[in-house]
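K.L.:
In this note's numbering, the protein residues as written are 464 to 720. Just dropping this structure here.
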Ligand code: HEC
């Protein structure tokens, strides 16, 4: 007991004599110790380089129409009620599908993870409903989902997207490293918007809905319909490739989820 106390005292004296008593030395040593943490944080940030990060080839950049829809999603604040991150938990996987892999966000600038879930997670909503469902749901959520507390967005059905605005967004993304090929002009963007928009317009027409390729709702549908689909396809293929044995094959054939 006493020995322990003695040595404690000796340590205290040593500590005071070598460090605390000498303000300059103490400040120097503290600075060195703290900067180790700073170096560990900062060096990888500068050496990795913002444009040379490893990309997952199975994630494709957003098309101009999807970029336009994403900008609307931000403008309308949809992320205030909807998250885009499926966590690796049983309840979430059963409800929403495969949990989100980090690479799936590689072209998301900014991230739209969301922190509240007044509505369901949307990270894999792509392909869950037909285009016409989204059209009706945006016009009046209670038409498709009785009792829904989601607000209606009827102006999306009337307002138009501006191809030159969309071109600016796409150019900004290209500058940040998203691999869009070639020069992006209002004309190339408009051709792409028109092409993809008309496919959606045709599907809506089959459901008896009249729309035009540059309606905001068409861009919103394009964005919602592509959420999570790259990941879903890739993870399904990978699961198929790794289950080469008979059991796996039988499961893949019989599972059909
Ligand atoms: C006040 C919160 C709130 C806001 C804001 C909101 N939503 Fe919703 N959303 C909900 C709720 C609640 C549901 C579930 C009931 C329903 O289907 O309407 C939902 C459902 C959805 C669904 C169907 C999801 C599924 O898996 O069934 C989509 C798609 C959707 N919202 C898109 C949007 C978009 C796009 C916006 C922005 C234009 C938006 N929401 C804004 C609350 C919200």
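Don't be surprised by glycine CBs; every beta carbon is placed ideally from N, CA and C.
Taking the alpha-carbon positions, what's the residue 590 to residue 584 distance?
P.N.:
Approximately 14 Å between the Cα atoms of the pair.
K.L.:
Which one of 536, 594 and 552 has the shortest CA to CA distance from residue 572?
P.N.:
536
K.L.:
Kindly list the residues whose CB is nearer than 6 Å to the CB of residue 691, restricted to its own chain and excluding five residues on each side of it in sequence; keep chain order.
P.N.:
586, 587 and 589
K.L.:
Quick one: is the Cβ of residue 692 within less than 7 Å of any heavy atom of ligand 1?
P.N.:
no
K.L.:
Looking only at its own chain, which residues have a Cβ that is under 7 Å from the Cβ of residue 550, when we skip the five neighbours before and after it?
P.N.:
562
K.L.:
Who are the near neighbours of residue 542 in its chain, counting only those whose CB is closer than 8 Å to its CB and skipping five residues on each side?
P.N.:
So the list reads 536, 575, 576 and 577, once near-sequence residues are dropped.
K.L.:
So what does residue 591 bridge to, in DSSP terms?
P.N.:
Answer is none; residue 591 lacks a bridge partner.
K.L.:
Between the alpha carbons of residue 667 and residue 660, how many angstroms are there, rounded?
P.N.:
11 Å
K.L.:
Using the rule of at least 16 other Cβ atoms within 10 Å of the residue's Cβ for burial, across every protein chain shown, is residue 490 buried or exposed?
P.N.:
exposed
K.L.:
Should residue 598 be listed as close to ligand 1, given that the test is whether its C-beta is under 7 Å from any heavy atom?
P.N.:
No, the Cβ of residue 598 stays beyond 7 Å of every heavy atom of ligand 1.
K.L.:
Could you tell me the alpha carbon to alpha carbon distance between residue 674 and residue 682, rounded to whole angstroms?
P.N.:
11 Å
K.L.:
Taking the alpha carbon of residue 603 as the reference point, which residue from 594, 595, 617 and 593 has its own alpha carbon closest?
P.N.:
617
K.L.:
Quick one: Cα of residue 581 to Cα of residue 612, how far?
P.N.:
9 Å
K.L.:
Could you give the distance in angstroms between the alpha-carbon of residue 485 and the alpha-carbon of residue 476?
P.N.:
13 Å
K.L.:
Following the continuous alpha helix (DSSP H) through residue 650, name the residue where it begins and the one where it ends.
P.N.:
649-669
K.L.:
Using 8 Å as the Cβ pair cut-off and three pairs as the minimum, do the region 521-541 and the region 624-642 touch?
P.N.:
yes
K.L.:
Relative to ligand 1, is the shortest distance from any of its heavy atoms to the C-beta of residue 557 smaller than 7 Å?
P.N.:
In this structure, ligand 1 has no non-hydrogen atom nearer than 7 Å to the beta-carbon of residue 557.
K.L.:
Please go through the region 531-598 and give each complete alpha helix (DSSP H) segment of 4 or more residues, from N-terminal end onward.
P.N.:
553-559
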